[in-house]
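Student:
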Amino acid sequence: MKVMYIFLIKIVSLLFYFRKKENVIYIMSFDNNLGLIKSMARRLPKNKRLYVYYESSSEAAATDLAAYGIKTVLFRDGFKLIFDLIPKIMASNVVFCDNYFPFMGGIAHPKDLKVVQLWHANGAIKKFGWEDASTKDRSASDKRRFQKVYNSFDEYVVASETMGHVFENSYHVSFDKMKMIGYPRSDRLFKEKWQNIARRRVYSFAPQLKDKRVILYAPTYRDEGRSFNPPKGVIKALSNDPNAMVVVKLHPLLKDLEEKLQKESKNPNVMFSNQLSTTDLLAVTDTLVTDYSSVAFDYSLLPNAHSLLFFMFDLDQYKQNPGIQDDLLNWLPTNPITSLDDLRKAISEDKQTDFTNFNHHWNKYNDGFATSRVIDRYIKTLK
Numbered sequence: 001m002k003v004m005y006i007f008l009i010k011i012v013s014l015l016f017y018f019r020k021k022e023n024v025i026y027i028m029s030f031d032n033n034l035g036l037i038k039s040m041a042r043r044l045p046k047n048k049r050l051y052v053y054y055e056s057s058s059e060a061a062a063t064d065l066a067a068y069g070i071k072t073v074l075f076r077d078g079f080k081l082i083f084d085l086i087p088k089i090m091a092s093n094v095v096f097c098d099n100y101f102p103f104m105g106g107i108a109h110p111k112d113l114k115v116v117q118l119w120h121a122n123g124a125i126k127k128f129g130w131e132d133a134s135t136k137d138r139s140a141s142d143k144r145r146f147q148k149v150y151n152s153f154d155e156y157v158v159a160s161e162t163m164g165h166v167f168e169n170s171y172h173v174s175f176d177k178m179k180m181i182g183y184p185r186s187d188r189l190f191k192e193k194w195q196n197i198a199r200r201r202v203y204s205f206a207p208q209l210k211d212k213r214v215i216l217y218a219p220t221y222r223d224e225g226r227s228f229n230p231p232k233g234v235i236k237a238l239s240n241d242p243n244a245m246v247v248v249k250l251h252p253l254l255k256d257l258e259e260k261l262q263k264e265s266k267n268p269n270v271m272f273s274n275q276l277s278t279t280d281l282l283a284v285t286d287t288l289v290t291d292y293s294s295v296a297f298d299y300s301l302l303p304n305a306h307s308l309l310f311f312m313f314d315l316d317q318y319k320q321n322p323g324i325q326d327d328l329l330n331w332l333p334t335n336p337i338t339s340l341d342d343l344r345k346a347i348s349e350d351k352q353t354d355f356t357n358f359n360h361h362w363n364k365y366n367d368g369f370a371t372s373r374v375i376d377r378y379i380k381t382l383k
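Its first residue numbered 1, the sequence shown is counted upward by one per residue in full-length UniProt numbering.
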């Protein structure tokens with residue numbers, strides 16, 4: 001079925017191959033680039049049209065964009081995608097993607113269409129693509145299909161040479177495709193106005209966090225059968241500073257685990273939050289505790305970032321599947337923590353983290369002005 005679906009996409013794209021190029025399309029699976037999309041809408045030539053196709057998980061962001069006057073369309077795989085989105089892509093100068101979208105591997109790619117990958121994270125701790133250990137077990141046809149998607153991207157916007165090499169190795173594409181522009185999604189982290197608004201949002205919902213040391217526990221979500229089972233007592237270990245507030249931010253699909261952890265902890269200085277966004281919470285966080293999540297790369301750019309701890313209790317297992325970047329220990333700003341005793345000790349000591357080398361490694365071109373550079377490269381040049 002997948003082969004037939006991709007074949008049908010190829011046929012439809014060939015039928016519209018020579019369409020006049022008058023669109024700019026953004027395919028959105030994450031809600032962290034609204035500033036860029038609105039800037040594109042403002043700077044777009046009058047003879048061009050902007051469409052945002054969004055996944056259901058980004059519906060709130062799409063509502064925001066629609067209120068701004070931007071055309072938004074719910075994105076779903078199926079015949080509607082083939083006969084609606086594909087013709088619009090073939091009539092586009094630029095298509096921006098913020099993720100891996102399988103259907104892109106089927107499109108007949110004209111030379112005057114530029115497909116740009118705007119990845120949803122500043123860096124990578126875990127492996128993906130060809131570097132993911134599970135990829136070797138996939139069928140030959142699956143591997144060919146994956147590579148067609150990787151090859152569909154003409155350019156990759158990145159914030160460091162390091163991330164460029166990660167894509168080069170993970171997607172088997174040329175490093176020449178990497179454009180050292182910086183991620184527009186990171187611009188807001190440099191803006192005092194955004195920081196103040198984010199703090200107000202958090203304190204309005206959770207006033208008990210104000211004037212406290214805030215410890216945010218935000219582990220990554222394990223998918224494809226990789227279970228997330230933190231050791232019993234993790235909440236107690238995180239609460240080792242009696243003067244701090246602990247905020248636990250789990251993936252929405254981990255509702256059962258959240259309920260289990262809530263039962264384990266009756267501490268009034270611990271709160272669980274699905275209502276607040278992780279990015280907003282980072283603006284009030286003094287200590288971030290994560291594992292393999294890209295949230296670490298965002299946090300390190302904020303002026304309030306004091307300490308960053310990596311609680312990797314399943315490090316040996318995770319090294320095997322999906323795998324972690326080979327040189328992880330060379331650039332991680334603090335050593336991985338694998339036991340509850342060491343986590344308790346790190347929370348109690350509260351040592352300040354030096355982010356200098358970490359940011360030079362991963363955030364070199366994130367300076368608060370990436371949006372302007374993306375606009376200059378892909379929008380202002382349109383005629």
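From the three backbone atoms N, C-alpha and C, an ideal C-beta is built for every residue, glycine too.
Tell me whether residue 357 is buried or exposed, calling it buried when 16 or more other Cβ atoms sit within 10 Å of its Cβ.
Tutor: On the sequence shown, residue 357 is found 357 positions in, with the first residue counted as 1. Burial call: exposed.
Student: If distances are taken between C-alpha atoms only, which option among 333, 280, 332 and 293 comes closest to residue 197?
Tutor: Residue 197 sits at position 197 when you count from the first residue of the sequence shown. Of the listed residues, the one whose Cα sits closest to residue 197 is 280.
Student: Could you spell out the range, first to last residue, of the beta strand (DSSP E) harbouring residue 93?
Tutor: For the purposes of this step, residue 93 is taken as the residue at position 93 of the sequence shown. Residues 92-97.
Student: Would you mind reading off the limits of the alpha helix (DSSP H) that contains residue 167?
Tutor: By one-based count along the sequence shown, residue 167 stands at place 167. Start and end: 161-171.
Student: With a cut-off of 8 Å, does the C-beta of residue 187 fall near any C-beta of chain B?
Tutor: The displayed structure is made up of one protein chain only, and chain B is not part of it.
Student: Please determine, among 294, 8, 340 and 69, the residue with the shortest C-alpha to C-alpha distance to residue 237.
Tutor: The residue given as residue 237 occupies position 237 in the sequence shown. For residue 237, the nearest C-alpha among the options comes from 340.
Student: Under the rule that 16 or more other beta-carbon atoms within 10 Å means buried, what is residue 290, buried or exposed?
Tutor: The residue given as residue 290 occupies position 290 in the sequence shown. By the 10 Å Cβ count, residue 290 comes out buried.
Student: If residue 89 and residue 95 are in contact, beta carbons under 8 Å, what's the gap, nearest whole angstrom?
Tutor: Locating residue 89 in the sequence shown gives position 89, where the first residue counts as 1. Locating residue 95 in the sequence shown gives position 95, where the first residue counts as 1. Residue 89 to residue 95, Cβ: 6 Å. Contact.
Student: Any chance you could list the beta strand (DSSP E) runs of at least 3 consecutive residues sitting entirely within the stretch 29-99, in chain order?
Tutor: Taking only runs of at least 3 residues, the beta strand (DSSP E) segments lying wholly in the stretch 29-99 are 49-54, 71-74 and 92-97.
Student: What is the rounded straight-line gap between the Cα of residue 200 and the Cα of residue 208?
Tutor: For this step, residue 200 is matched to residue 200 along the sequence shown. For this step, residue 208 is matched to residue 208 along the sequence shown. So the two alpha carbons sit approximately 13 Å from each other.
Student: Thinking just about the alpha-carbon of each residue, which of 60, 52 and 15 is nearest to the one in residue 277?
Tutor: Position 277 of the sequence shown holds residue 277. Checking every option, the nearest Cα to that of residue 277 belongs to 60.
Student: Residue 271: which of 76, 7, 245 and 69 sits nearest, CA to CA?
Tutor: The residue labelled residue 271 in the question sits at position 271 within the sequence shown. Nearest option by C-alpha distance: 245.
Student: Measure the CB-CB distance between residue 164 and residue 175 and report whether it falls below 8 Å.
Tutor: By 1-based counting over the sequence shown, the position of residue 164 is 164. By 1-based counting over the sequence shown, the position of residue 175 is 175. Closer than 8 Å, so yes.
Student: Quick test of the definition: if touching needs 3 or more C-beta pairs under 8 Å, does the stretch 60-72 touch the stretch 210-229?
Tutor: Segments in contact, no.
Student: Which whole-angstrom value is the C-beta distance of residue 21 and residue 112, which I expect to be below 8 Å?
Tutor: Counted from its first residue, the sequence shown places residue 21 at position 21. Counted from its first residue, the sequence shown places residue 112 at position 112. About 6 Å separates the two Cβ atoms, so the contact holds.
Student: Nearest by alpha-carbon distance to residue 228: which of 299, 193 and 314 is it?
Tutor: To locate residue 228, count along the sequence shown from 1; it is residue 228. Closest by alpha carbon: 314.
Student: Going by CA-CA distance only, name the one from 1, 5 and 190 that's closest to residue 106.
Tutor: Here residue 106 corresponds to residue number 106 of the sequence shown, with the count starting at 1. Nearest option by C-alpha distance: 5.
Student: Beta carbon of residue 49, beta carbon of residue 23: below 8 Å?
Tutor: One-based indexing of the sequence shown puts residue 49 at position 49. One-based indexing of the sequence shown puts residue 23 at position 23. A contact, by the Cβ cut-off of 8 Å.
Student: Tell me whether residue 371 is buried or exposed, calling it buried when 16 or more other Cβ atoms sit within 10 Å of its Cβ.
Tutor: For the purposes of this step, residue 371 is identified with residue 371 of the sequence shown, where counting begins at 1. Residue 371 is buried by the Cβ-count criterion.
Student: Please go through the same chain and pick out, in chain order, the residues whose beta-carbon is closer than 6 Å to the beta-carbon of residue 19, but skip the five residues on each side of it.
Tutor: On the sequence shown, position 19 is the one that residue 19 refers to. Answer for residue 19: 90 and 91, listed in chain order.
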